[in-house]
Amino acid sequence: MSVGKLHKLRYRLRQLDGLSKLGLGLLAACLLVALAYAWPHARALQQLKLDVAAMHRAMPQHQGQWIDRSPQASLNAFYQFLPRESEATTLLNQVLDIAEQHGLVPEKVDYTLSRQSSAAFSKYQLSLPLQGQYLDIRRFIADVMNTLPSAALNDISLKREDMLSDHVEARLKLTLYLRKDGQ
1 MSVGKLHKLR YRLRQLDGLS KLGLGLLAAC LLVALAYAWP HARALQQLKL
51 DVAAMHRAMP QHQGQWIDRS PQASLNAFYQ FLPRESEATT LLNQVLDIAE
101 QHGLVPEKVD YTLSRQSSAA FSKYQLSLPL QGQYLDIRRF IADVMNTLPS
151 AALNDISLKR EDMLSDHVEA RLKLTLYLRK DGQ
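Counting along the sequence shown from 1, when you hit position 154 you're at 154 in my numbering, and nothing is skipped either side.
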């Protein structure tokens, strides 16, 4: 930039009123924040592009391999996704730990394991009576569903004694689907 243009720019800046100077300052600050935010993400994007290129290079190694897409193969893959029956107590402990994290401690837990001879999975059915705030119970359910993908919420009943109270009595029925041991 030539000296003449620099003097002209300074002159124009001095001619601006206070709000215009404030606007230019905020614009400059926004640009700096945008650059500070974009710079690390640009590096992460570059790394992702390198990872994709590496995957493309590795693809020819996997081409020509036969992939079984039959319904039975899909069903077997689903069964492999399920936790084993022997892990049932660990899963129950996880459910109780999540309840405790939300300040919900069930007085008692009823559970039954039901096996069907024709299926390769079994069902671990839990009945949880809970007392607490409605939002805590909802968060508990969401955390259980996110933490244990093999869990299903079968039934929920809510009871509130006083309309003005935040305190709710809930009865949840959950099912944990488990792969039979030895399968």
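Using N, Cα and C, we set each Cβ at its ideal position, and we do this for glycine too.
Boundaries cannot be given for Asp181, as no alpha helix (DSSP H) includes it and DSSP labels it neither H nor E. Taking the C-beta atoms as reference points, Lys180 is found no nearer than 8 Å to Ala88.
Residue environment analysis places Gly18 among the exposed positions, since fewer than 16 neighbouring C-beta atoms fall within 10 angstroms of its C-beta. Using a C-beta cut-off of 8 Å, the segment 155 to 163 makes no contact with the segment 90 to 110, since fewer than three inter-stretch Cβ pairs fall below that distance. Distances from the alpha-carbon of Leu172 to those of Phe140, Asn146, Leu148 put Phe140 closest. Per DSSP, Leu104 lies in no alpha helix (DSSP H) and is assigned neither H nor E. His41 and Ser127 have their C-alpha atoms some 46 Å from each other. Inter-segment contact for the segment 123 to 137 and the segment 102 to 112 is present: three or more beta-carbon pairs are separated by less than 8 Å. Taking 8 Å as the cut-off, the Cβ atoms of Leu178 and Leu75 do not count as close.
Secondary structure within the segment 112 to 154: the beta strand (DSSP E) runs of 3 or more consecutive residues, fully enclosed, are 121 to 133 (chain order). Note that the C-beta distance between Ala142 and Leu174 is not below 8 Å.
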